[in-house]
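Residue numbers (this note's numbering), protein chains in the order written: chain A, 165 to 306; chain B, 146 to 538.
Data block below; observations after.
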């Protein structure tokens with residue numbers, strides 16, 4: 165079915181993140197000097213930076229984390245979500261440290277709880293865009 | 146802080162009808178509120194030499210319009226006119242910016258005004274949807290409305306402290322009780338119970354419909370001048386005491402506390418130091434209440450109760466009429482109307498002037514107004530918090 169929801173509005177600083185999703189890779193912004201991870205893109209807060217993000221680069225990350233907070237939408241605020249409710253939108257505490265907000269798929273909303281281990285799953289929505297949903301981690305995968 | 150205490154005064158307030166007003170533009174509602182505020186102060190439009198257009202979205206958006214200006218509608222001879230705003234901490238920001246023009250002597254009387262056609266736009270479709278601007282993260286993923294990310298706070302507080310939905314319901318019921326003493330409130334004459342809150346549909350679990358603020362058309366405004374000039378105005382002045390700001394940007398995702406607190410600490414410290422008072426001196430508190438949890442967090446963060454105890458505090462009806470700290474005495478955003486922090490601001494002035502009618506808090510001398518909001522700082526943090534302290538003249 166053709167994608168009938170809003171499309172990503174991609175800011176130039178975040179293009180490499182979205183390009184990686186198209187390759188089914190989950191990347192985070194990482195300081196090349198001290199190893200700290202960031203999402204969304206930011207200057208490293210631990211020390212002085214080279215100009216214009218020169219101290220940081222996008223690197224492949226685990227794509228795993230735990231649910232930190234969540235809600236269950238019972239109302240579709242956009243007609244494209246009418247057949248999706250109830251759906252879960254969550255804040256994920258990524259294993260690398262940063263927090264990430266996305267939809268939780270692949271389970272009954274009633275099974276979702278804070279602390280649930282989750283991992284990224286890719287949804288190719290058009291030729292140009294791939295979304296990073298998360299789903300409960302498979303047993304033994306962690 | 147340069148002297149703020151007792152230096153400036155709110156001398157007039159104005160508010161249009163609220164609710165669904167489909168026949169008026171936001172700009173006209175804003176101009177009408179400004180007209181009422183100027184009249185309330187005993188001034189003429191010709192006395193106003195500065196005007197501030199307060200908008201929830203500082204850089205644009207539909208409120209009031211960028212192609213025209215409300216002082217033009219009203220015929221104000223404003224030498225100074227500009228826009229400010231950041232989410233729900235905008236009346237306080239309007240005051241903070243206007244102060245400088247008064248202090249420098251560039252302006253004598255300034256009107257700070259807000260207008261909204263949000264409910265009309267919402268009913269026409271559109272309204273609260275977040276779509277379309279570069280940098281916005283979650284729309285394709287279902288993060289479509291304020292409730293999509295604000296409900297994380299409730300979820301997290303419940304997890305960490307055992308707060309229950311019924312306890313959040315006590316906030317909604319308390320505000321509704323206050324609204325039932327305010328004939329201008331949208332929910333006047335419509336009391337609710339905890340059971341009504343529990344039975345209201347989920348919008349985004351853990352939030353029921355009755356955890357969520359209203360969307361309102363209408364206009365709100367006030368006139369600000371110096372303390373010296375205030376003596377010659379028609380109304381009993383309400384003086385500025387203290388002003389403070391905080392923002393989550395000081396502590397982002399690495400400080401996970403920001404999911405169960407607001408950026409109250411620096412705002413409180415600055416405002417109370419300038420005012421020279423303590424929390425117990427506050428007679429009436431207008432706490433920004435876009436959702437029930439924001440009220441809960443502020444009760445804890447300001448120190449009316451310990452962190453994590455907010456649920457018990459509100460279920461003992463401490464914030465309701467007859468409680469220990471009157472909160473959102475006009476009904477707030479949840480039960481009266483949503484004009485950002487103008488809702489609480491104008492209610493604070495009303496209480497300090499002793500004009501609260503059935504809801505008047507006896508001998509209210511000092512009022513607190515808070516504002517909250519702005520950009521969602523990804524991921525999921527609501528950015529800034531403003532605290533304004535006022536006293537009756």
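From the three backbone atoms N, C-alpha and C, an ideal C-beta is built for every residue, glycine too.
When the beta-carbon positions are compared, residue 512 of chain B and residue 531 of chain B stay at least 8 Å from each other. Taking a Cβ-Cβ cut-off of 9 Å, the neighbours of residue 297 of chain B in chain A comprise 232, 233, 234, 235, 253, 254, 255, 265, given in sequence order.
Residues of chain B whose Cβ lies closer than 9 Å to the Cβ of residue 238 of chain A are, in chain order, 346, 347, 348, 349, 350. DSSP places residue 182 of chain A inside the alpha helix (DSSP H), whose first and last residues are 179-186.
Residue 269 of chain A places its beta carbon 8 Å or farther from that of residue 296 of chain A.
Residues of chain A whose Cβ lies closer than 7 Å to the Cβ of residue 404 of chain B are, in chain order, 233. Among the residues facing chain A, residue 310 of chain B is not included, as its CB has no counterpart in that chain under 8 Å away.
When Cβ-Cβ separations below 8 Å define contact, residue 242 of chain A makes contact with chain B. Taken through DSSP and simplified to helix, strand or coil, residue 403 of chain B comes out as helix.
For residue 495 of chain B, the three-state secondary structure derived from DSSP is helix. When DSSP states are grouped into helix, strand and coil, residue 225 of chain A belongs to the coil group.
Counted as a single uninterrupted DSSP element, the beta strand (DSSP E) harbouring residue 196 of chain B occupies residues 195-199. Not one beta carbon of chain A lies nearer than 8 Å to the beta carbon of residue 313 of chain B. Exclusion of the five residues before and after residue 250 of chain A leaves 236, 237, 238, 273 as the residues of its chain whose Cβ lies within less than 8 Å of its Cβ.
Counted as a single uninterrupted DSSP element, the alpha helix (DSSP H) harbouring residue 437 of chain B occupies residues 437-447. Under DSSP, residue 367 of chain B shares a beta bridge with B:158, B:257.
When Cβ-Cβ separations below 8 Å define contact, residue 261 of chain A makes contact with chain B. Between the alpha carbons of residue 282 of chain A and residue 233 of chain A lies a distance of about 13 Å. Per the coordinates, the alpha-carbon of residue 367 of chain B lies some 40 Å from the alpha-carbon of residue 286 of chain B. The C-alpha of residue 357 of chain B is placed about 11 Å away from the C-alpha of residue 346 of chain B. Setting aside the 5 residues that flank it on each side, residue 321 of chain B is surrounded in the same chain by 332, 335, 336, 337, 476, 479, 480, each with a C-beta closer than 8 Å to its C-beta; the list follows chain order. Taking 8 Å as the cut-off, the Cβ atoms of residue 190 of chain A and residue 202 of chain A do not count as close.
Using a CB distance below 9 Å, the part of the region 278-294 of chain A facing chain B consists of 278, 279, 289, 293, ordered along the chain.
Residue-level contact by beta carbon fails for residue 228 of chain A and chain B, as no gap is shorter than 8 Å. Shortest Cα-Cα distance from residue 182 of chain A to any of A:224, A:218, A:211, A:168 involves A:224.
Residues of the region 168-185 of chain A with a C-beta atom less than 7 Å from some C-beta of chain B are 169, 170, 171, 172, 173, 174, 175, listed in chain order. The beta carbon of residue 289 of chain A is closer than 7 Å to those of 167, 295 in its chain, skipping five residues each way along the sequence.
Interface with chain B (8 Å Cβ-Cβ cutoff): residue 190 of chain A is excluded. Closer than 8 Å to the CB of residue 290 of chain B there is at least one CB belonging to chain A. Between the region 438-445 of chain B and the region 291-302 of chain B, the count of Cβ pairs shorter than 8 Å is three or higher; the stretches touch. If you look at residue 343 of chain B, you'll find it in the alpha helix (DSSP H) that goes 339-344. For residue 536 of chain B, the three-state secondary structure derived from DSSP is strand. The straight-line gap separating the alpha-carbon atoms of residue 244 of chain A and residue 289 of chain B is approximately 11 Å.
The Cβ atoms of residue 391 of chain B and residue 408 of chain B lie closer than 8 Å to each other. The Cβ atoms of residue 514 of chain B and residue 471 of chain B lie no closer than 8 Å to each other.
Residue 190 of chain B and residue 521 of chain B have their C-alpha atoms spaced approximately 38 Å apart.
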